[in-house]
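Peer 1: The structure under discussion is supplied below as structure tokens; questions concerning it will follow.
Protein chains: 2
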Amino acid sequence: MILQATTELIESDGLAGVSAREIARKIEYSPGTLYNAFRNLDDVILTLEARMLDELQARLEGIPLDGNPQSDLQRIGETYVAFSSDNAQLWNLLFQHQIPNSEPIPDWYRAKLDGLTQRLEVALAPLLVNAKPTEANRAASVLWAGVHGIASLSTAEKLTNITKESAALLVSDLISHYLDGMSHRLANGRS
Amino acid sequence: MILQATTELIESDGLAGVSAREIARKIEYSPGTLYNAFRNLDDVILTLEARMLDELQARLEGIPLDGNPQSDLQRIGETYVAFSSDNAQLWNLLFQHQIPNSEPIPDWYRAKLDGLTQRLEVALAPLLVNAKPTEANRAASVLWAGVHGIASLSTAEKLTNITKESAALLVSDLISHYLDGMSHRLANGRS
DNA sequence: AAGCAATATGGGACGGCGTTCAGAACACAC
DNA sequence: GTGTGTTCTGAACGCCGTCCCATATTGCTT
């Protein structure tokens, strides 16, 4: 299958190693055949991203939540970091692969990304019983972006401080401090 | 100059709009001439990234610190977000442009990225008077990665929750909660 | 001012790319 | 065997990054 071959190319050489001709060579078909199955190369890669997002989503949904925000979110963070580090090259697709301006980002793709924060909102709920929905949304977004920043910096290997080994530690630190800040604020009655 | 033309191309069409021939057309030279000034196209883009990092660094260093971590870090976060959003397309280079595996990331490039967290460590210092240096480092890394995650998700426009408008708000929320968590922990004598 | 070495430039060439498309090959109903 | 619908090939187009070398331009020495 085309997707299988493309995955292997990405895992060995990253996005730069992918080309329509190279995929064709790998599956021993001619380049033209690719265009029967996919609209173009971007379509192949987008499909691959979608599969990856679905798998991450499935893993997040498989985490049992026990109602304790600290431990629940720690587990979510661990899962997230483990996934991104196990699939580092594929993971980097999310940032490196930009759809050309001509055709906009499909809605289902956005929806998949947005959907990833839902699990966070559920886990955060106990801390936000009498907060406005926009605040729950905001807290989830902040945590998601933070975890995401750590995961992406670690897979991209651009910061010496943030390695694959330290990512889990940093995520744990982020979550515990942020939640401490929230509950502290909650106890003192500040918004 | 070559860099000027390349900057314009990136600002209008992103990294995908950049090609050696297009730059040459823009400056009305032939493509071959590019290779007298730069080793190759990656070199041009790397130089552009370096300039951008230097400018961000300069802005961060221009922020006066008054010794109050909350307000100091808020100002740093604001500056960071404002910069990334004002230079969104250039900013995205940091993630989209990956050096081919053949030649490794130059040390000075890493050093520039690592240097960006220094200002954070200084601003955090009052909260960490009797903490181990690794903890200061960790807190700075976490905050940096978090701010960075928010900034990159907003410039990439991939999350509907995280827009250029909301980025500053989210960064402020992250910093204030995280620091609350730190001082709370400090007051209670926990690690 | 003239000559010469050093450097910069133009433009063609090479191999590779994404994508298209006319026609060959194939599978299968009648 | 003929016809029909699908799938595949392979050449073609216009790009790309990069290299190379004949030519033009510059700067310096005499």
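Residue numbers (our numbering), protein chains in the order written: chain A, 1 to 191; chain B, 1001 to 1191. Idealized CB from N, CA, C, for every residue including glycine.
I want to see whether chain A comes within less than 8 Å of Y1035/B, judged by CB atoms only; does it?
Peer 2: Sequence index remark: in the second sequence, residue 1035/B carries index 35 (1-based). No, no contact with chain A.
Peer 1: Could you check what DSSP says for V1122/B in three-state terms: helix, strand or coil?
Peer 2: In the second sequence, counting from the first residue as 1, residue 1122/B sits at position 122. Here V1122/B sits in helix by DSSP.
Peer 1: Going by the CB atoms, is the gap between I10/A and L93/A shorter than 8 Å?
Peer 2: To locate residue 93/A, count along the first sequence from 1; it is residue 93. To locate residue 10/A, count along the first sequence from 1; it is residue 10. Result yes, Cβ atoms of L93/A and I10/A sit closer than 8 Å.
Peer 1: Interface residues of chain B around S19/A at Cβ under 7 Å?
Peer 2: Locating residue 19/A in the first sequence gives position 19, where the first residue counts as 1. In chain order: nothing, as chain B lies at least about 14 Å away.
Peer 1: When you compare the CB positions of R1110/B and E1061/B, do they come within less than 8 Å of one another, or not?
Peer 2: Taking the first residue of the second sequence as 1, we reach residue 1110/B at position 110. Taking the first residue of the second sequence as 1, we reach residue 1061/B at position 61. The answer is no: Cβ separation not under 8 Å.
Peer 1: At which residue ranges does the stretch 1014 to 1065 of chain B contain complete beta strand (DSSP E) runs of 3 or more residues, listed in the order of the chain?
Peer 2: Complete beta strand (DSSP E) runs here, min 3: none at all.
Peer 1: For P1106/B and T1134/B, what's the separation of their Cα atoms in angstroms?
Peer 2: Counting from 1 along the second sequence, the entry for residue 1106/B is found at position 106. Counting from 1 along the second sequence, the entry for residue 1134/B is found at position 134. Roughly 25 Å separates the two Cα atoms.
Peer 1: Using three-state DSSP, classify G67/A as helix, strand or coil.
Peer 2: Here residue 67/A refers to the residue found at position 67 when the first sequence is read from its first residue. Correct three-state label for G67/A: coil.
Peer 1: Using Cβ-Cβ distances below 7 Å, what residues of the stretch 1040 to 1053 of chain B are close to chain A?
Peer 2: Within the stretch 1040 to 1053 of chain B, no residue has a Cβ that lies closer than 7 Å to any Cβ of chain A.
Peer 1: For Q1074/B, which residues of its own chain have a beta-carbon under 7 Å away from its beta-carbon, when the five flanking residues on both sides are left out?
Peer 2: Counted from its first residue, the second sequence places residue 1074/B at position 74. These residues qualify, in order along the chain: S1172 and I1175.
Peer 1: Rounded to the nearest angstrom, what separates S12/A and A5/A at their Cα positions?
Peer 2: If you number the first sequence from 1, residue 12/A lands on position 12. If you number the first sequence from 1, residue 5/A lands on position 5. Whole-angstrom Cα-Cα distance: 11 Å.
Peer 1: Which of the residues in the stretch 1172 to 1186 of chain B, read from start to end, lie with their CB under 9 Å from any CB of chain A?
Peer 2: Result list: D1173, L1174, S1176, H1177, Y1178, L1179, D1180, G1181, M1182, S1183, H1184 and R1185.
Peer 1: With A145/A and L1170/B assumed to form a contact (beta carbons below 8 Å), what rounded beta-carbon distance in angstroms separates them?
Peer 2: Against the first sequence, residue 145/A aligns to sequence position 145. Against the second sequence, residue 1170/B aligns to sequence position 170. That pair is a contact at about 7 Å.
Peer 1: Kindly indicate which three-state DSSP category A1167/B falls into: helix, strand or coil?
Peer 2: Stepping through the second sequence from its first residue, residue 1167/B is reached at position 167. It is helical.
Peer 1: Short of 6 Å in beta carbon distance, which residues of its chain neighbour L53/A, apart from the five on each side in sequence? Order them along the chain.
Peer 2: Taking the first residue of the first sequence as 1, we reach residue 53/A at position 53. Once the five neighbours on either side are set aside, the close Cβ partners of L53/A are K112.
Peer 1: Got a sec: which bits of the stretch 1105 to 1116 of chain B sit with their beta carbon under 8 Å from any beta carbon on chain A, in order along the chain?
Peer 2: Correct list: I1105, R1110, L1113 and D1114.
Peer 1: Compile a chain-ordered list of the residues in the stretch 139 to 159 of chain A whose CB is closer than 9 Å to at least one CB of chain B.
Peer 2: Of all residues in the stretch 139 to 159 of chain A, A139, A140, S141, V142, L143, W144, A145, G146, V147, H148, G149, I150, A151, S152, L153, S154, A156, E157, K158 and L159 have a Cβ within less than 9 Å of some Cβ in chain B.
Peer 1: Once the 5 residues before and after I1076/B are set aside, which same chain residues still bring their CB inside 7 Å of it?
Peer 2: Here residue 1076/B refers to the residue found at position 76 of the second sequence. L1060, I1063, R1119, L1120 and A1123, listed in sequence order.
Peer 1: Any Cβ of chain A within less than 8 Å of the Cβ of P1133/B?
Peer 2: As a first step, residue 1133/B is located in the second sequence; it is residue number 133 there, counting from the start. For P1133/B, the answer is no, since every Cβ of chain A falls outside 8 Å of its Cβ.
Peer 1: What does a CB cutoff of less than 8 Å around D66/A pick up in its chain, not counting 5 residues either side in sequence?
Peer 2: One-based indexing of the first sequence puts residue 66/A at position 66. Correct list, in chain order: D72.
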